[in-house]
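**Q**
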Amino acid sequence: MFEERPQRILTSRKNSNTTECIDEPKMGMPSTSDFREPYNVYDPNRCLELDMLSMPSLVASLPDRVSIISALSNCSSTGNLDVGRMYHALAFKTGYIGNKFVATSLVDMYVKCGNMEHARKTFEGLSDLDIVSFNSLISGYPSNGLSGRALDIFMEAQSAEIGPNEYTFSILFTVCGTILAVEEGKQLHAQAVKMEYFSNIAVGNSLLTMYSKFGMMDEVEILFENLPNRNHISWTVVITGFYKQERFEMALKQFNCMRHNSGIEPNEYTFTVIFACSSGMKERNYGMTLHAQAIKNGMASDVFVGTAIIDMYSGFGEIVYAEKMFKELGSLASDVSWNALIAGYVRNEKCEEAMETLHKMIMNGVTCDQFTYSNILKACSALPSLTMGEQIHSRVIKANYKSNIQVGSSLLEMYAKCGSLVDAEHIFNQIKCRDVVLWNTMIKAYSQYGYLKKAIFLFNNMVEEGTMPTSATFLALFSACSHSGLLEEGQELFQSMIVDYGIIPEENHYSCMVDLLGRAGQLEKAREFIKGLPIKPTSAIWRPLLASCRYHRNFKLAEFVARRILETDPDDATVYITLSNMYAEAGRWGDVEKQRALMELKGVKKEPGCSWIEVNNKLHKFYSGDMRHPKMSKIYEKLRELVRQTKNMGYVPDTNFVLHQGVGVSKEEQILCHSEKLAVCFGLLSLPPGRPIRVFKNLRVCADCHSAMKYISRLTNRDIVLKDNYRFHHFKRGCCSCGDYW
DNA sequence: ATAGGGTTAG
Numbered sequence: 016m017f018e019e020r021p022q023r024i025l026t027s028r029k030n031s032n033t034t035e036c037i038d039e040p041k042m043g044m045p046s047t048s049d050f051r052e053p054y055n056v057y058d059p060n061r062c063l064e065l066d067m068l069s070m071p072s073l074v075a076s077l078p079d080r081v082s083i084i085s086a087l088s089n090c091s092s093t094g095n096l097d098v099g100r101m102y103h104a105l106a107f108k109t110g111y112i113g114n115k116f117v118a119t120s121l122v123d124m125y126v127k128c129g130n131m132e133h134a135r136k137t138f139e140g141l142s143d144l145d146i147v148s149f150n151s152l153i154s155g156y157p158s159n160g161l162s163g164r165a166l167d168i169f170m171e172a173q174s175a176e177i178g179p180n181e182y183t184f185s186i187l188f189t190v191c192g193t194i195l196a197v198e199e200g201k202q203l204h205a206q207a208v209k210m211e212y213f214s215n216i217a218v219g220n221s222l223l224t225m226y227s228k229f230g231m232m233d234e235v236e237i238l239f240e241n242l243p244n245r246n247h248i249s250w251t252v253v254i255t256g257f258y259k260q261e262r263f264e265m266a267l268k269q270f271n272c273m274r275h276n277s278g279i280e281p282n283e284y285t286f287t288v289i290f291a292c293s294s295g296m297k298e299r300n301y302g303m304t305l306h307a308q309a310i311k312n313g314m315a316s317d318v319f320v321g322t323a324i325i326d327m328y329s330g331f332g333e334i335v336y337a338e339k340m341f342k343e344l345g346s347l348a349s350d351v352s353w354n355a356l357i358a359g360y361v362r363n364e365k366c367e368e369a370m371e372t373l374h375k376m377i378m379n380g381v382t383c384d385q386f387t388y389s390n391i392l393k394a395c396s397a398l399p400s401l402t403m404g405e406q407i408h409s410r411v412i413k414a415n416y417k418s419n420i421q422v423g424s425s426l427l428e429m430y431a432k433c434g435s436l437v438d439a440e441h442i443f444n445q446i447k448c449r450d451v452v453l454w455n456t457m458i459k460a461y462s463q464y465g466y467l468k469k470a471i472f473l474f475n476n477m478v479e480e481g482t483m484p485t486s487a488t489f490l491a492l493f494s495a496c497s498h499s500g501l502l503e504e505g506q507e508l509f510q511s512m513i514v515d516y517g518i519i520p521e522e523n524h525y526s527c528m529v530d531l532l533g534r535a536g537q538l539e540k541a542r543e544f545i546k547g548l549p550i551k552p553t554s555a556i557w558r559p560l561l562a563s564c565r566y567h568r569n570f571k572l573a574e575f576v577a578r579r580i581l582e583t584d585p586d587d588a589t590v591y592i593t594l595s596n597m598y599a600e601a602g603r604w605g606d607v608e609k610q611r612a613l614m615e616l617k618g619v620k621k622e623p624g625c626s627w628i629e630v631n632n633k634l635h636k637f638y639s640g641d642m643r644h645p646k647m648s649k650i651y652e653k654l655r656e657l658v659r660q661t662k663n664m665g666y667v668p669d670t671n672f673v674l675h676q677g678v679g680v681s682k683e684e685q686i687l688c689h690s691e692k693l694a695v696c697f698g699l700l701s702l703p704p705g706r707p708i709r710v711f712k713n714l715r716v717c718a719d720c721h722s723a724m725k726y727i728s729r730l731t732n733r734d735i736v737l738k739d740n741y742r743f744h745h746f747k748r749g750c751c752s753c754g755d756y757w
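In this text, residue positions in the first sequence follow the numbering used here: the first is 16, and each later residue adds one.
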């Protein structure tokens, strides 16, 4: 994200009345003649309503010019606006404000304290403007989010024929880099070349930074080679440039070059980026070696380095090391460190720990920001817990982050994943300034719930509004097509993605296409498709074909595909389970037994099915046939009643896939106690009428439960949302959003 | 009296 900006022509003097930035209060832009006018000193007593009498100690012994300047410079570095204002009043009282060094120090003090209005007013009071005072003023706008304004002020200086110096260029290169003003940046570059300013390291470094922010790394490399002077900052800029482009090996190569050939030592800044690189490359051993070096050099106690290390370990799945690093930072930990730790917990599926850390963070008085909310909402989605999500949502509103686009996407995703599509839609509709991720998140939500038409509709809206779809957009659309069995539409979209949008398909796109073909019954075509792939087929690509083989009862191909998957993933329990389900459906009990024996031999375990539901802020878990829940007898009573009633409506229990008949228990009895049925039934008993029932399951919903839910939703007139490890099923008045289940 | 580099997310 960068500021909106009008394009400027920096060399022309006539074009100084450019469009104001949107977030900028109007301030009269003086013309050249204004600068020449006699004293118009900005009176702090009038403007700041300061009373000299309230500062008796200062009045008693009036400071001289030098001590005012040094006091102001002290205020600049500490950001102490109140003391700064007192010295402004003193400078006025003593008349030193007429001195240009004092006045410039004042401008700088206001700039550093973030008060651009007073900086500008003080600046306007200067009688004898020079490039230093211009630089002071210009340098303040970027840090206040008004980079475009800095370029406007620069043009005022140009108009006043007050020429730029080295300081001006380093400020402006930084400005152009942050707002991605490529044309202006190049113009300034040319101007700086003419003035031979490049022996100045700061100028060179800011120029490197600018081009690296433009993503023009070729340019950066050439410039870097030819810089007359380099220091550790120059190296860090180049390394960071490659890192941001995700060219981690190049970043590392430069780092090694710096260490071995340059004679310049890397410092905390350099180490921070290098930790981020080893995190990005998943180079666990390298990262740990680096950590040891950082400790040796005393750099691991730097907050930035420490935080980068936290993030790195969490990326390696070493959450314990991340925790340790966080503890070592102690009171040095910044909001970013807290965020990195929370993100680490979420990444490593420790959502409860993430929530606990959030509470500790609040208790410690650390301010939560968009990163915090975004991460913690992801934890709510992963749990998934709608009540926690709603609690975080109210925090987001209180902290005024609800119109933040990233937090918005996380909120949307949270509601969708917690089973409330209506709330997800509400979030989407509230955000008017949509970006591609927000669109993708909503499209993906529709796709997961099986609302293909809505997904396609949004896709068309998105394109009409001029947002370029990304590979994630198509992924969502493919999976929607495949669940709805729309083979041709899916294939057309696949072609369109490549031809019209220039997106190169990756593993997951291929996997979706295999799923699409397979579900449509084109098993051989799916196999041919895999054969013709430009990449080596992975188990993720084979897996959807195995599922299709089961549905279309193609044993031979299923066994072939199963072998392919087991070659790379020998512990994949779903392969054995799918095969034994297939054999069971065909009554091939001998083969079922063989699969079971194989699983035992290889030590592969089937995860027990578990469903859960949130009622009154409490999570209720149910396992198949589990009797531990206190309300179990009521639940079974209700369940039998429901089965009786739904049978009258046409429900026929489907016992085809029951693998082992328990002793003394009928097959029908066995499917009656499936965990999802128990959880839904408990929801019906506990939640007020009309409220949707939201149940989650760790495995796929079985065909019988799916069919039963349709009848139950009609009978009880309830919306039932059932999320399994695969997708969402939204049962409404006897229908399911996913179309026909298989 | 004025300038240059670092970590976290959807």
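For every residue, glycine included, the Cβ atom is placed at its ideal position computed from N, Cα and C. Note that the structure is predicted; figures quoted are calculated from it, not measured.
Could you compute how far the alpha carbon of Cys688 sits from the alpha carbon of Thr553?
**A** 37 Å
**Q** Please report how far the alpha carbon of Ala555 lies from the alpha carbon of Tyr591, in whole angstroms.
**A** Near 16 Å, if we compare the C-alpha coordinates of Tyr591 and Ala555.
**Q** Among all the DSSP beta bridges, which residues are the ones paired with Glu604?
**A** Reading off the sequence, residue 604 comes out as Trp, not Glu. Per DSSP, none; premise fails for Trp604.
**Q** In this structure, does DSSP put His689 in helix, strand or coil?
**A** coil
**Q** Within a Cβ cutoff of 8 Å, which residues of the same chain sit near Glu234, ignoring the five residues on either side of it in sequence?
**A** Tyr226
**Q** Pick out whichever of Ile708, Gly754, Cys750 has its Cα sitting closest to the Cα of Leu737.
**A** Among Ile708, Gly754, Cys750, the Cα nearest to that of Leu737 belongs to Ile708.
**Q** Under the rule that 16 or more other beta-carbon atoms within 10 Å means buried, what is Phe11, buried or exposed?
**A** With the chain covering 16 to 757 only, the question about residue 11 has no answer from this structure.
**Q** Assign Met378 to buried or exposed, taking buried as 16 or more other Cβ atoms, counted over all protein chains shown, within 10 Å of its Cβ.
**A** Result: exposed.
**Q** So, for Pro40: in the same chain, excluding its five sequence neighbours on each side, which residues have a beta-carbon less than 7 Å away from its beta-carbon?
**A** Low per-residue confidence applies at Pro40: pLDDT is 26, beneath 50, and the placement is therefore not dependable, though the value from the model is reported in the following sentence. Contacts found: none.
**Q** Would you mind stating whether Phe184 and Tyr212 have Cβ atoms separated by less than 7 Å?
**A** yes
**Q** Between Pro549 and Ser526, how many whole angstroms is the CB-CB distance? I'm expecting something under 8 Å.
**A** With 8 Å as the limit, Pro549 and Ser526 do not qualify as a contact, their Cβ atoms being about 14 Å apart.
**Q** Would you list, in sequence order, the uninterrupted beta strand (DSSP E) runs of no fewer than 3 residues that lie entirely inside the stretch 465 to 490?
**A** If we require 3 residues or more, the stretch 465 to 490 turns out to have no beta strand (DSSP E) run fully inside it.
**Q** Can you tell which of His275, Gly533, Ser425 has the C-alpha that lies nearest to the C-alpha of Ala573?
**A** Gly533
**Q** Going by C-alpha distance, which of Ser424, Val437, Leu467 is nearest Ile446?
**A** Ser424
**Q** Going by DSSP, which residues form a beta bridge with Ser626?
**A** Phe637, Lys712
**Q** Buried or exposed: which applies to Asn663, given that a residue is buried once 16 or more other Cβ atoms fall within 10 Å of its Cβ?
**A** Exposed, because fewer than 16 other Cβ atoms sit within 10 Å of the Cβ of Asn663.
**Q** Does DSSP classify Cys751 as helix, strand or coil?
**A** Residue state, collapsed to three classes: strand.
**Q** Between Ser346 and Thr322, which are expected to be in contact by the criterion C-beta below 8 Å, what is the C-beta distance as a whole number of angstroms?
**A** Contact doesn't hold; Cβ gap of about 14 Å is too wide.
**Q** Beta strand (DSSP E) containing Leu152: first to last residue?
**A** Here Leu152 belongs to no beta strand (DSSP E); instead the alpha helix (DSSP H) covers 146 to 158.
**Q** Alpha helix (DSSP H) containing Lys546: first to last residue?
**A** Looking at the DSSP string, the run of the alpha helix (DSSP H) that includes Lys546 is 538 to 546.
**Q** Taking only three categories from DSSP, how would you classify Pro59?
**A** Below a pLDDT of 50, predicted positions are generally treated as unreliable, and Pro59, at 47, falls in that range; the measurement from the model is reported next regardless. Correct three-state label for Pro59: helix.
**Q** Rounded to whole angstroms, what's the CA-CA distance from Phe509 to Trp454? Just pull it up for me.
**A** 19 Å
**Q** May I ask you to report which of helix, strand or coil DSSP gives Phe107?
**A** helix
**Q** So, under 8 Å CB-CB, Thr287 and Phe319 are touching, yes? Tell me the CB distance rounded to an integer number of Å.
**A** 4 Å
**Q** Decide if the stretch 596 to 610 is in contact with the stretch 644 to 659; the criterion is three or more beta carbon pairs, one per stretch, under 8 Å apart.
**A** A contact is defined here as three or more CB-CB pairs under 8 Å, and the stretch 596 to 610 fails this definition with respect to the stretch 644 to 659.
**Q** Between the stretch 358 to 375 and the stretch 394 to 404, are three or more C-beta pairs nearer than 8 Å?
**A** yes
**Q** Among the residues of its own chain, which have a CB less than 7 Å from the CB of Ser48, if the five just before and after it don't count?
**A** With a pLDDT of 27 at Ser48, under the threshold of 50, the predicted position of this residue should be treated as unreliable, though the coordinate-derived value follows. There are no such residues.
**Q** Can the beta-carbon of Trp627 be found less than 7 Å from the beta-carbon of Phe743?
**A** Note that the C-beta distance between Trp627 and Phe743 is not below 7 Å.
**Q** Rounded to the nearest angstrom, what separates Asp530 and Ala495 at their Cα positions?
**A** 11 Å
**Q** Using 10 angstroms around the beta-carbon of Asp515, count the other beta-carbons present and answer buried if the total reaches 16, otherwise exposed.
**A** exposed
**Q** Who are the near neighbours of Ser294 in its chain, counting only those whose CB is closer than 8 Å to its CB and skipping five residues on each side?
**A** Gly302, Ala323, Asp326, Met327, Gly330, Phe331
**Q** Counting only the same chain and skipping the five closest in sequence on each side, list residues whose C-beta sits under 6 Å from that of His133.
**A** If the five residues before and after His133 are omitted, its C-beta is found closer than 6 Å to the C-beta atoms of Tyr125, all from its own chain and listed in chain order.
**Q** Could you have a look at Leu203 and say whether DSSP puts it in helix, strand or coil?
**A** helix
**Q** Give me whichever residues DSSP pairs with Lys311 in a beta bridge.
**A** Among the bridge pairs identified by DSSP, Lys311 is matched with none.
**Q** Among the residues of its own chain, which have a CB less than 7 Å from the CB of Leu87, if the five just before and after it don't count?
**A** Excluding sequence neighbours, Leu87 sits near Gly99, Tyr102, Ser120, Leu121, Met124.
**Q** How big is the Cα-Cα spacing for Asn713 and Lys620?
**A** 15 Å
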